[in-house]
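To start, the structure under review is shown below, and the notes come after it.
Protein chains in written order, with my numbering: chain A, 1 to 205; chain B, 1 to 198.
Structure below.
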C-alpha cells in the first residue's frame with residue numbers, strides 16, 4: 001500500500017534529532033512492548049510480515065504522532081484482536097480508555113508469474129505495480145531502473161505472507177540506483193542500494 | 001432530560017495499554033510476563049553494539065577473517081559466537097574506504113542487524129532520517145557531524161528486505177598495532193550505521 005510509512009524521499013522534514021550513541025529504550029514499557037511482540041511472533045500468533053503490515057495500516061494521523069514503540073504496541077494489539085486471541089472491548093476495559101487499532105487489511109497477492117533470475121550487472125526496472133496490501137517496495141523506486149549488484153538467499157514473499165496467501169520463497173536482489181535517476185536534479189549525488197524482491201523486477205533489454 | 005450523560009472516552013495512556021495486553025495474555029496462561037523478562041535481558045544486555053565492535057576489531061587485525069566477513073557475514077560473525085534471528089538470512093558487511101562512505105537506513109520502518117550492532121536508536125526510526133537520508137545523504141550526514149570531502153562517494157543501503165547490513169569503518173591510522181580488545185573499544189554503533197567517524 002502507498003501508506004504513510006513509506007517515507008523515503010518525502011520532502012519537508014526537518015533536522016534529524018541526533019545525539020551520538022543514543023539509547024534504544026527510554027522507558028520500561030518500551031522494553032515490554034518490544035518483548036511482547038517478539039513473544040507473539042515466537043508463539044506463532046503472527047509473523048514478521050503481518051507485524052510490519054499492521055504498523056503500516058495505522059491511520060496516518062495516528063502513525064505520525066505515535067512514538068516508535070506505540071506503533072509497535074498498536075500492531076501487536078491489532079493482530080491479537082484480528083487473530084481472535086483478545087477482543088478490543090476487553091483491551092479497552094482493562095486499559096480504562098480507548099485503544100486505537102490499525103485499519104483493516106486489503107487483500108494480499110502471490111508471487112509474480114513472470115519471475116526471472118538475474119545476474120550481477122543486469123539492468124532491471126522496478127515494475128509499475130500498485131499493491132493495496134503489504135509490499136516491501138519503497139515507492140521511490142517504482143518504475144525506476146537500476147543495476148543488480150548481488151543476489152540474497154530465498155525469503156518468504158512478504159506480499160503474500162502478510163496476508164496468509166500461498167506463495168513460494170524467492171530471492172531478493174541488491175539493486176543499485178543513482179540518486180539522480182530516482183529524483184532527477186533533486187537529490188544529493190549518491191548510490192542508493194535497495195533490497196528488491198524478484199517479483200518486483202523486470203529485465204531492461 | 002435523559003438521565004444519562006454521554007461519556008467522553010479518551011485514549012488510554014500507553015503504559016496502561018501495554019498492561020492490558022500483558023495481563024490478558026497472562027490470564028490466558030500464555031506466561032507473557034515470564035517471556036518479557038527473558039526477552040528484556042536479550043534486548044538490553046545481549047543485543048548490544050559491543051558485538052559488532054568485536055567483529056570490526058577482528059576484521060582490522062585478521063585479514064583472513066575480514067575476507068570471510070565480506071564474503072559471508074552471517075557465517076563469519078558466528079565464528080565469534082554471535083547469532084542472528086532466523087529471518088535475518090544474510091548479513092552484508094559494507095567496507096568503507098577513504099573514498100567510499102556506506103550508510104544504512106530503513107526508510108519504511110526500523111530494520112537493522114540488531115543482534116550484531118544493537119537495537120536502533122530513536123533518530124534512526126524517526127520520520128526525518130527515514131525520509132531524508134536516501135535523497136539528501138550528504139546534507140544529512142553533514143548535519144549529523146560527518147562532513148565528507150567532495151571526492152568521497154556515498155552509498156546508502158535501504159533495508160527493505162530481510163538482508164541485513166553493517167558498515168565496516170576504516171581503521172583510524174593512529175590505532176594501527178593496537179590489541180584487538182582495545183580496538184573494539186573505539187567502535188561505535190553509529191560508526192557501524194555509517195553516520196559517525198570513529
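Using N, Cα and C, we set each Cβ at its ideal position, and we do this for glycine too. Everything numeric in this text was worked out from a predicted model, so none of it was measured.
Inter-residue spacing [alpha-carbon to alpha-carbon] between residue 80(A) and residue 137(B): Taking the first chain and counting its residues from 1, one reaches residue 80(A) at position 80. Taking the second chain and counting its residues from 1, one reaches residue 137(B) at position 137. One C-alpha to the other measures close to 38 Å.
Please check the pair residue 156(A) and residue 169(A), which I expect to be a contact at CB under 8 Å, by giving their CB distance rounded to whole angstroms. In the first chain, residue 156(A) corresponds to position 156, counting from 1. In the first chain, residue 169(A) corresponds to position 169, counting from 1. Taking C-beta atoms under 8 Å as the contact rule, residue 156(A) and residue 169(A) qualify, at a distance of about 5 Å.
Given residue 37(A), which residues of its chain have a CB within under 6 Å of its CB, disregarding the five upstream and five downstream residues? Counting from 1 along the first chain, the entry for residue 37(A) is found at position 37. In the same chain as residue 37(A), and ignoring 5 residues on each side of it, the C-beta atoms closer than 6 Å to its own belong to 72, 76, in chain order.
Cβ distance (whole Å) where residue 163(B) is taken to contact residue 172(A) below 8 Å: On the second chain, position 163 is the one that residue 163(B) refers to. On the first chain, position 172 is the one that residue 172(A) refers to. Confirmed, about 6 Å.
Using CA coordinates, which residue listed in 20(B), 134(B), 186(B), 152(B) is at the minimum distance from residue 100(B)? Reading the second chain from its first residue, position 100 is the one you call residue 100(B). Nearest C-alpha to residue 100(B): 152(B).
Unbroken beta strand (DSSP E) run spanning residue 212(A), endpoints: Residue 212(A) cannot be examined here, being either before or after the span of chain A that is shown, 1 to 205.
Measure the alpha-carbon distance for residue 14(B) versus residue 113(A) and round it to whole angstroms. Numbered from its first residue, the second chain carries residue 14(B) at position 14. Numbered from its first residue, the first chain carries residue 113(A) at position 113. C-alpha separation (whole angstroms): 44 Å.
Rounding to the nearest angstrom, what Cα-Cα distance links residue 95(B) and residue 190(A) in this structure? One-based indexing of the second chain puts residue 95(B) at position 95. One-based indexing of the first chain puts residue 190(A) at position 190. So the alpha carbons of these two residues sit roughly 16 Å apart.
Residue 126(B) by DSSP, collapsed to three states: which one? Mapped onto the second chain, residue 126(B) falls at position 126. Coil, per DSSP.
What number of angstroms, rounded off, separates the C-alpha of residue 196(A) from the C-alpha of residue 149(A)? On the first chain, residue 196(A) is found 196 positions in, with the first residue counted as 1. On the first chain, residue 149(A) is found 149 positions in, with the first residue counted as 1. Cα to Cα, residue 196(A) sits roughly 11 Å from residue 149(A).
Does DSSP put residue 158(B) in a helix, a strand or coil? Position 158 of the second chain, counted from the first residue, corresponds to residue 158(B). If DSSP states are grouped into helix, strand and coil, residue 158(B) belongs with the strands.
Residues in the same chain with beta-carbon distance under 8 Å from residue 144(A), minus the five sequence neighbours each way, listed in chain order, please. For the purposes of this step, residue 144(A) is identified with residue 144 of the first chain, where counting begins at 1. Within the same chain, and ignoring the five residues on either side of residue 144(A) in sequence, the residues whose Cβ sits closer than 8 Å to its Cβ are 125, 126, 177, 181, 182.
Taking only beta carbons into account, state which residues of the stretch 151-181 of chain B come closer than 8 Å to chain A, listed in chain order. Residues 153, 154, 155, 156, 157, 158, 159, 160, 161, 162, 163.
Could you give the uninterrupted runs of the alpha helix (DSSP H) lying entirely in the stretch 39-125 of chain A, keeping only those of 4 residues or more? If only complete runs of 4 or more residues are kept, the stretch 39-125 of chain A shows the alpha helix (DSSP H) at 48-56, 60-65, 68-82, 88-95, in order along the chain.
Around the Cβ of residue 75(B), are there at least 16 other Cβ atoms within 10 angstroms (buried) or fewer (exposed)? Counted from its first residue, the second chain places residue 75(B) at position 75. That one is exposed.
Under 8 Å by Cβ, that's how I've got residue 55(B) and residue 80(B) pegged, so tell me the actual separation to the nearest angstrom. The residue you call residue 55(B) lines up with position 55 of the second chain. The residue you call residue 80(B) lines up with position 80 of the second chain. Confirmed, about 6 Å.
Kindly list, in the order they appear in chain A, the residues whose Cβ is closer than 8 Å to that of residue 98(B). Position 98 of the second chain, counted from the start, is the residue given in the question as residue 98(B). In chain order: nothing, as chain A lies at least about 17 Å away.
Between which two residues does the beta strand (DSSP E) carrying residue 166(B) extend? One-based indexing of the second chain puts residue 166(B) at position 166. First-last of the beta strand (DSSP E) with residue 166(B): 163-168.
Given residue 239(A), which residues of its chain have a CB within under 6 Å of its CB, disregarding the five upstream and five downstream residues? Limits of chain A in this structure are 1 at one end and 205 at the other, which puts residue 239(A) out of reach.
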